[in-house]
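Structure first, then comments.
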Amino acid sequence: MKTLLGKRLANSVSSVGSMVLFLLFAVCSLIMISVGAVTYSRISDSFNGSFNSSAAVRYVTNKIRSGERVVIENDGAGLAVYSGEMVCVIMTDDGSVGERNAKAEAYREYVAGDIIFPGTTVKIIEEDGFYVITAKSGDNVCMGFCRGKEG
């Protein structure tokens with residue numbers, strides 16, 4: 050009788066020990082997954098901010114280089130790039146960069162364009178023939194310089 054009781058107790062202790070080890074494994078796995086998800090989220094947010102700001106600078110720079118004439122508007126919050134009969138207007142609108150194309154003679158002011166860089170603002174100034182483009186997306190700031198065709 051003692052041997053049967055001892056075997057049952059040993060089996061119970063063995064089962065409880067296995068369950069505790071499995072529980073410890075599950076908890077450690079969940080902690081590792083949550084730490085990985087938080088790290089990935091931070092990296093993704095940082096990448097999106099730096100990508101948006103640098104892409105906005107490159108986009109505006111290429112537009113300036115391709116245009117025949119550039120006019121900076123709204124104290125540097127936007128610009129109008131003239132190419133033949135068309136004008137491309139790029140401006141910061143409600144915290145995002147928007148673009149609108151129109152015929153040059155019909156252009157009056159920037160009104161309602163397509164958002165091309167959400168959550169990004171652009172500031173353009175001209176210094177000594179160079180255009181200085183600064184884009185900000187979140188905490189990320191990117192700056193670029195270019196010379197237009199007239200300069």
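The sequence shown finishes on residue 200 if you use our numbering, and the numbering steps up by one all the way, no holes.
Cβ atoms here follow ideal geometry from the backbone N, Cα and C, with glycine treated the same way.
Nothing here was measured: the structure is a model prediction, and the numbers come from that model.
For residue i, which option in the options has the closest C-alpha, if you only look at C-alpha atoms?
i: residue 173; options: 196, 75, 167, 133; result: 196
i: residue 113; options: 188, 186, 178; result: 178
i: residue 107; options: 187, 94, 182; result: 182
i: residue 102; options: 141, 84, 176; result: 141
i: residue 186; options: 95, 147, 122, 58; result: 95
Taking the Cβ atom as the reference point for each residue, do residue i and residue j lie within a distance shorter than 8 Å?
i: residue 153; j: residue 131; result: yes
i: residue 139; j: residue 109; result: yes
i: residue 171; j: residue 104; result: no
i: residue 148; j: residue 163; result: yes
i: residue 127; j: residue 144; result: no
i: residue 189; j: residue 99; result: yes
i: residue 184; j: residue 156; result: no
Can you round the beta-carbon distance between residue i and residue j to whole angstroms, since I take them to be within the 8 Å contact cut?
i: residue 166; j: residue 146; result: 4 Å
i: residue 198; j: residue 134; result: In fact, because the Cβ distance is near 17 Å, the residues do not count as touching under 8 Å.
Task: Contained beta strand (DSSP E) runs [length at least 3] in the region 134-198, N- to C-terminal order - done: 135-142, 145-152, 163-166, 169-176, 179-186, 189-196
- [ ] Mind listing, in chain order, the continuous beta strand (DSSP E) runs of no fewer than 3 residues lying wholly within the region 87-123?
- [x] 118-122
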